[in-house]
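Everything on this sheet refers to the single structure shown next.
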Amino acid sequence: MNTLESQFNNPEYLSQEGLEKLKKELEELTKIRRFELSEKIKNALAQDDLSENAEYDIAKEEQSENERRIAEIEDILSRAVLISKESGGTYVRLGSLVSLKKEGSDAIDHYSLVGSKEEADSLTGKISHESPLGAALLGRKKGEKVKAITPNGEINYTIIDVG
54 MNTLESQFNN PEYLSQEGLE KLKKELEELT KIRRFELSEK IKNALAQDDL
104 SENAEYDIAK EEQSENERRI AEIEDILSRA VLISKESGGT YVRLGSLVSL
154 KKEGSDAIDH YSLVGSKEEA DSLTGKISHE SPLGAALLGR KKGEKVKAIT
204 PNGEINYTII DVG
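With my numbering applied, the sequence shown corresponds to residues 54 to 216, in that order.
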């Protein structure tokens, strides 16, 4: 993680949790999956006719995908900037937990604003600062109304709390 250089070369903002998750995935892909795939390729090569060897073709494709993901994670980690996890705060920033009320609804939704698309997960309420809602929230404060322009149309929210 090279913080100074990362800030100038398209930084990838990550929480400590997101950073650890990517490091774990990278270790699994480089130490376990690479070996499994090389064994799979070796076994496929042991077969006589490579011209009709679907196992070999599949293994090579899997190896290519594995190496692509390794390169992607290494790139993300090289640009990683750690998000500080300070609680509270007046303004929505990366790492903030935000409570929102959608216009026309009584339900209150809770979202955590994360910096990386790698960490974003709508099922667990983690939204990227680059998403329409995340971008609309960034820098705003409790009580403000925000408008998110999504593929499904315009959605208006009121910020109930920032934590």
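For glycine and all other residues, C-beta sits at the position ideal for the given N, C-alpha and C.
Using the three-state DSSP reduction, which class does residue i fall into: helix, strand or coil?
i	result
Glu89	helix
Leu166	strand
Glu65	strand
Ser181	strand
Leu153	strand
Can you have a look at residue i and say buried or exposed, based on whether 16 or more other CB atoms are within 10 angstroms of its CB?
i	result
Ser181	buried
Ser175	exposed
Ala99	exposed
Gly71	buried
Ala160	exposed
Ala173	buried
Ala107	exposed
Arg6	Residue 6 lies beyond the stretch modelled for the chain, which goes from 54 to 216, so this question has no answer here.
Ser91	exposed
Gly168	buried
Ser131	exposed
Under the DSSP definition of a beta bridge, which residues are partnered with residue i?
i	result
Asn209	Lys200
Give me the Cβ distance between residue i and residue j, rounded to the nearest whole Å; I'm assuming they're in contact under 8 Å.
i	j	result
Tyr144	Val215	7 Å
Lys200	Ala188	Contact doesn't hold; Cβ gap of about 11 Å is too wide.
Ile123	Leu75	With 8 Å as the limit, Ile123 and Leu75 do not qualify as a contact, their Cβ atoms being about 11 Å apart.
Lys93	Ala112	4 Å
Suppose only complete runs of 4+ residues qualify. What are the alpha helix (DSSP H) ranges in the segment 72-151, listed by chain order? Listed in chain order, the complete alpha helix (DSSP H) runs (minimum 4 residues) inside the segment 72-151 are 87-98 and 107-131.
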